[in-house]
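Using UniProt numbering, you'd call the opening residue of the sequence shown number 1 and step up by one each time.
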Amino acid sequence: MSVKLLPQSSFLSYISRTPSRRWHSSKFFDPYKSFQSTSSPQPEWKLGDGAIKGLSEHGKSPRKTWILDEMSTKDSYKLLTSAIIPRPIAFISTIAEDGTPNLAPFSYFSMISHNPPLLSVSFSLSPRRPKDTRENILATKEFTVNIISEHFIEAANVTAVEAPADVDEWIISGLTMEPSSQVKPACVKESLFSMESTLLAHDILDLKTSDVTNSLVLGLIKQVHVNKSVLAENGLVLDPAKLRPVARLGGNTYARLTDTFDVPRPDWKNIRDAVKGSGKNLR
Ligand SMILES: Cc1cc2nc3c(=O)[nH]c(=O)nc-3n(C[C@H](O)[C@H](O)[C@H](O)COP(=O)(O)O)c2cc1C
């Protein structure tokens, strides 16, 4: 299945035909929203200047503190997942030992190194049922991680359904399998960037103070596939304006990327004299 964005006119007529109760937000998603690159918030910033003054009220607000040991896991989930944002999402394809394919999203996910090329993903160990993705990775040691773009976020989201292990999330999502080269689980054809990975290490995170509640997987990225349409001019870097990745925030909220800005990395040679000459009096 090739996924195309609806032309503006069909998109608008689709909206007008859709019952309003389906739309919970006050504004419609604009698939054509332009992607812009702006200046950084304070381009005139100088050494020692600190944060922008006068633009925010945060300085006047007191702190509230929680001790994590004393919180319910439900509350710590709400607090941490709404604070540590935006999180990239690993859309993971695996195959069970009996051959059943599985697809699900996970946002406790990060790239941890490019040399060696490693990623991490962690699974909550629910007492209700094991996560099929984790079981499959531990059993077969193979998986693919696919980056989610705006054009298939609803299809990806539906695969998070807590369904029995024999339910094929590929079918309910309507997404398409693209055969992998080095591992058995398929890549997601609609994904513009996919990584074929093998299990490098696994650890259950047992703090000895409570039940074992989480499981960390480190994956070795063996091979990646990029849809050529998202490559920037030099052919090696992906253009975020074309990739249109979706990130996870707290609750059921997702975020899109529409604004970027560059802040040059300081060169020690250029700031050395100012730093050494000023002692502690940069302000
Ligand atoms: C965007 C998104 C991110 C998620 N991230 C995680 C995660 O990092 N870890 C986790 O254990 N569950 C996470 N979940 C929940 C799983 O996707 C859900 O439990 C799913 O049913 C697991 O599928 P599986 O049993 O087929 O592996 C997430 C759900 C969504 C919608």
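Don't be surprised by glycine CBs; every beta carbon is placed ideally from N, CA and C.
No experiment lies behind these values; they were computed from the predicted model shown.
Presumed contact (8 Å Cβ cut-off) between residue i and residue j, rounded CB distance
i	j	result
residue 142	residue 198	6 Å
residue 86	residue 249	6 Å
residue 149	residue 243	6 Å
residue 227	residue 205	Residue 227 to residue 205, Cβ: 35 Å. No contact.
residue 119	residue 126	Rounded, the Cβ-Cβ distance is 22 Å, inconsistent with contact.
residue 258	residue 124	Rounded, the Cβ-Cβ distance is 31 Å, inconsistent with contact.
residue 285	residue 173	No information on residue 285 is available, as it lies outside the stretch 1 to 283 that the chain covers here.
residue 176	residue 196	Their Cβ separation, rounded to whole angstroms, is 17 Å, which puts residue 176 and residue 196 out of contact at 8 Å.
residue 147	residue 254	Their Cβ separation, rounded to whole angstroms, is 13 Å, which puts residue 147 and residue 254 out of contact at 8 Å.
residue 47	residue 246	Not a contact, Cβ separation roughly 37 Å.
residue 203	residue 216	5 Å
residue 144	residue 72	Residue 144 to residue 72, Cβ: 35 Å. No contact.
residue 218	residue 241	Residue 218 to residue 241, Cβ: 31 Å. No contact.
residue 163	residue 97	Their Cβ separation, rounded to whole angstroms, is 18 Å, which puts residue 163 and residue 97 out of contact at 8 Å.
residue 43	residue 52	Contact flag wrong, Cβ pair sits at about 11 Å.
residue 168	residue 100	7 Å
Three-state class that DSSP yields for residue i in the structure shown
i	result
residue 167	coil
residue 154	helix
residue 275	helix
residue 180	coil
residue 126	coil
residue 133	helix
residue 140	helix
residue 115	coil
residue 173	helix
residue 266	coil
residue 107	coil
residue 93	strand
residue 188	strand
residue 145	strand
residue 121	strand
residue 4	Any answer about residue 4 is weak, because its pLDDT of 38 lies below 50 and its placement is not dependable; what the coordinates show is given next. Reduced to three states, the DSSP call for residue 4 is coil.
Proximity test, Cβ basis, 8 Å: residue i and chain D
i	result
residue 134	You won't find chain D in this structure, because it holds only one protein chain.
Margin query: For a minimum of 4 consecutive residues, which ranges assigned as the alpha helix (DSSP H) are wholly contained in the segment 190-263?
Written below: 240-243
Note to self: If we require 4 or more residues per run, which alpha helix (DSSP H) segments fall completely within the segment 20-90?
What the structure shows: 73-83
Note to self: Measuring CB atoms only, is the segment 123-133 touching the segment 99-111, in the sense that at least three cross pairs come out at less than 8 Å?
What the structure shows: yes
Check: Quick one: any contact between the segment 184-193 and the segment 88-100, if contact means 3 or more CB pairs under 8 Å?
Finding: yes
Next item on the list: Spell out a yes or no on whether the segment 258-270 and the segment 57-71 are touching, meaning 3 or more CB-CB pairs, one atom from each, closer than 8 Å.
Entry: no
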